[in-house]
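K.L.:
According to the numbering used here, the sequence shown is numbered sequentially starting from 21. Where a beta carbon is used, it is the ideal one built from N, C-alpha and C, also for glycine. Below: one structure in structure tokens.
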Amino acid sequence: MVRGDGARRGRHDFGIALLAADDRTPPTGAGSERDTAGTPAYMAPEQFDNEPIDARADQFSFAVALFEALEGRRPFPGTTVASIRAAMRAGPAMPRSLIPLRTTSALRRALSERPDDRFPSMAHLLRRVTPSRVRPLYFVALATALGVGVVGATVLIGEPSGPAPCRGLGVGVTEIWGPSRAVALTAAFLRTGDPDAGDTARSVRAGLDRYVSSWTANLVDTCEAAQVRREQTPAQQELRTACLDERLGELRGVTDVLLEPDREVITNAYAVLASLTPPDACRDLATLAQKLPVATSPEQVARVRALRVQLARVNAQIAAGQFGPAEAQLASLRPLVAAAAYRPLEAEAALAAGEVANREGRFDQAERELRAAVLAAEAGRANRTAASAWLQLANLRARGRGDLHGANDALPHAAAAVERLGPDIDAEADLAYARGATLRLAGRYARGACCLRGRAAPGSAVPCRPRRSTSAHSARPRRCDRCYRRAR
């Protein structure tokens, strides 16, 4: 930190300045190496990877420093080179403070992993982050005349009047789902030649738009509950924000699969969309407080976050019926998940492996994986994963193996796991479905239909609920519960 004329202060970082004698042109060709200079926390991804760098690397470093100055934390947590680089692959953290929308959007772009996704120049970035209706925010970027690499960045900040609390939060979500990706999705669907591609694309786009709107509303409410209405504590805000970060990772995985469609994806697009956990689940503070927290180590936080994004992609592939690619990706992920030593993540990976095996008819393997998922989920206090694993076990035994005794043994555990979740109509309907399958196996067809259709009596106009339906349904899981108990 240096002080200039008057009260103006500036911060300088000479960590990536190069000596005049250094070669400015990185060698090319197989096996070539060059030295990497810089402070790891502020280095651009291409510097970590020993790739050629230019002024866009300086732009990235500047954005890291500005994010830290405004947020009080770095966008990519970690204390080692490997953990910081892993965090960069997962994407920058979402801003939680009262950063203006314009600045948040600019920072997200400047922090892009690929240089081509950043601003063309530092001047473009500075124009985007300079407010137009508050006291000037002065940015002076100093570059060496010796070649690639910025000497430092000086940030001189006046005192703005400030935006309304919590305004502009969540703008970064448009990089995962926004207008440009919506256009790309429609084009990708149409390229498959599927006759339903156009209609499906419109429905999926509308569903993703609703999801993003809900996610953004929850992020703003999280901020306002703690900072405006003072109804919740900063610790509770942290819990809800971490939950919303997980939902964002799921959204990234799902959109990645939808943007690379084949006819199988078109057919199962609604199931892919339904694999997203609703953002409203992040309002349940009681459930969030029960979750096993990720260790405070920044390395593990970044590792778990990156792995969750990849698992979300696997789950989207499973929902799309792409079992081969999902299983191949799981095989490479499982050792990394084990190394992360985080039980809820182990449970999620085992649950995905169990579902793939079940859907492909490998029931013995599916049983082993689902039981492992139950144990890891219960050890990690991951109630939703535990409920899903028990429900899949019950369905596997009833429908896959025809094991009435085994299904009846799993159902009470599934019911207890669903009860721990609190009011959750999707989980309750899945429980009703499992009970219906078990009753039909036992020859109680009328009672089984009651559960499978979520209704109290034959002749109801309520249709059967498709698995993982994307729309709200009017099933009556509690009536099914009474129906099931009477049949037992």
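Could you pull the start and end residues of the alpha helix (DSSP H) that Pro432 belongs to?
P.N.:
424–441
K.L.:
Taking only three categories from DSSP, how would you classify Thr99?
P.N.:
In the three-state reduction of the DSSP assignment, Thr99 falls in the coil class, being assigned neither a helical nor a strand state.
K.L.:
Less than 8 Å between the CB atoms is what I'm expecting for Met142 and Gln79, so what's the real figure, rounded?
P.N.:
5 Å
K.L.:
So, is Gln330 buried or exposed, given that buried needs 16 or more other C-beta atoms within 10 angstroms?
P.N.:
It counts as buried.
K.L.:
I'd like to know whether the C-beta atoms of Asn403 and Leu441 end up nearer to each other than 7 Å.
P.N.:
Yes, Cβ-Cβ distance for Asn403 and Leu441 is below 7 Å.
K.L.:
Could you spell out the range, first to last residue, of the alpha helix (DSSP H) harbouring Tyr231?
P.N.:
Tyr231: member of the alpha helix (DSSP H) spanning 217–247, first to last residue.
K.L.:
Which stretch, first to last residue, makes up the alpha helix (DSSP H) that contains Trp410?
P.N.:
403–415
K.L.:
Buried or exposed: which applies to Asn288, given that a residue is buried once 16 or more other Cβ atoms fall within 10 Å of its Cβ?
P.N.:
buried
K.L.:
Taking just the CA atoms, how far does Ala430 sit from Val186?
P.N.:
What sits at residue 186 in the sequence shown is Cys, not Val. Answer to the nearest angstrom: the Cα atoms are 45 Å apart.
K.L.:
So, under 8 Å CB-CB, Leu308 and Leu259 are touching, yes? Tell me the CB distance rounded to an integer number of Å.
P.N.:
4 Å
K.L.:
Tell me the DSSP secondary structure of Ile286 in three-state form.
P.N.:
helix
K.L.:
Take the Cβ of Glu280 as the centre, count every other Cβ of all protein chains shown within 10 Å, and call the residue buried at 16 or more, exposed below.
P.N.:
exposed
K.L.:
Taking 7 Å as the cut-off, decide whether the C-beta atoms of Arg325 and Ala110 are in contact.
P.N.:
yes
K.L.:
If the criterion is Cβ atoms closer than 7 Å, does the pair Thr405 and Ala397 meet it?
P.N.:
yes
K.L.:
To the nearest angstrom, how far is it from the Cα of Val160 to the Cα of Ala351?
P.N.:
Here Val160 scores only 37 on pLDDT, less than 50, and its place in the model should not be relied on; the value that follows carries that caveat. Cα to Cα, Val160 sits roughly 49 Å from Ala351.
K.L.:
Am I right that Leu210 and Ala217 are in contact with their C-beta atoms under 8 Å? What's the rounded C-beta distance?
P.N.:
5 Å
K.L.:
Can the beta-carbon of Ile286 be found less than 7 Å from the beta-carbon of Thr206?
P.N.:
no
K.L.:
Does the Cβ of Pro95 have 16 or more other Cβ atoms within 10 Å, making it buried, or fewer, making it exposed?
P.N.:
buried
K.L.:
Could you pull the start and end residues of the alpha helix (DSSP H) that Phe80 belongs to?
P.N.:
75–91
K.L.:
Among Gln252, Arg230, Ala435, which residue has its Cα nearest to the Cα of Ala306?
P.N.:
Gln252
K.L.:
Buried or exposed: where does Ser233 fall if 16 or more other Cβ atoms within 10 Å of its Cβ makes it buried?
P.N.:
exposed
K.L.:
Among Pro313, Leu390, Val240, which one has its Cα closest to the Cα of Tyr362?
P.N.:
The residue with the shortest Cα to Cα distance from Tyr362 is Pro313.
K.L.:
Using the C-alpha atoms, what's the distance from Thr212 back to Leu459?
P.N.:
41 Å
K.L.:
Rounded to the nearest angstrom, how far is the Cβ of Ala336 from that of Val274, given a contact under 8 Å?
P.N.:
Their Cβ separation, rounded to whole angstroms, is 5 Å, which keeps Ala336 and Val274 in contact under 8 Å.
K.L.:
Ordered along the chain, which non-local residues of its own chain (more than five positions away) have a Cβ less than 8 Å from that of Ala41?
P.N.:
With a pLDDT of 40 at Ala41, under the threshold of 50, the modelled position of this residue cannot be trusted; read the value that follows with caution. Same-chain partners within the cutoff: there are none.
K.L.:
Mapping DSSP to helix, strand and coil, what is Pro46?
P.N.:
For Pro46, the predicted model reports a pLDDT of 40, less than 50, meaning its position is unreliable; a value from the coordinates is still stated below. Note: Pro46 maps to coil in three-state DSSP.
K.L.:
So what does DSSP say about Thr275, is it helix, strand or coil?
P.N.:
helix
K.L.:
Under the three-state reduction of DSSP, which class applies to Asp137: helix, strand or coil?
P.N.:
helix
K.L.:
Short check: CB of Glu284 to CB of Gly341, under 7 Å?
P.N.:
Yes, the pair counts as a contact, with Cβ atoms nearer than the cut-off.
K.L.:
Under the rule that 16 or more other beta-carbon atoms within 10 Å means buried, what is Ser200, buried or exposed?
P.N.:
exposed
K.L.:
For the ligand FAD, is there a heavy atom less than 6 Å away from the beta-carbon of Cys302?
P.N.:
The ligand content of the structure shown is nil, which means the ligand FAD is not present either.
K.L.:
What would DSSP say about Leu305, mapped onto helix, strand or coil?
P.N.:
helix
K.L.:
Hey, out of Tyr62, Pro72, Gly92, Thr99, whose CA is closest to Phe82's CA?
P.N.:
Tyr62
K.L.:
Select from Pro254, Leu293, Thr261 the residue whose C-alpha is nearest the C-alpha of Arg272.
P.N.:
Comparing Cα-Cα distances from Arg272 to each of Pro254, Leu293, Thr261, the minimum goes to Leu293.
K.L.:
Which residue from His425, Arg250, Ala255, Ala436 puts its Cα closest to that of Ala409?
P.N.:
Ala436
K.L.:
Can you tell me whether Ser295 is helix, strand or coil according to DSSP?
P.N.:
Ser295: coil per DSSP, three-state reduction.
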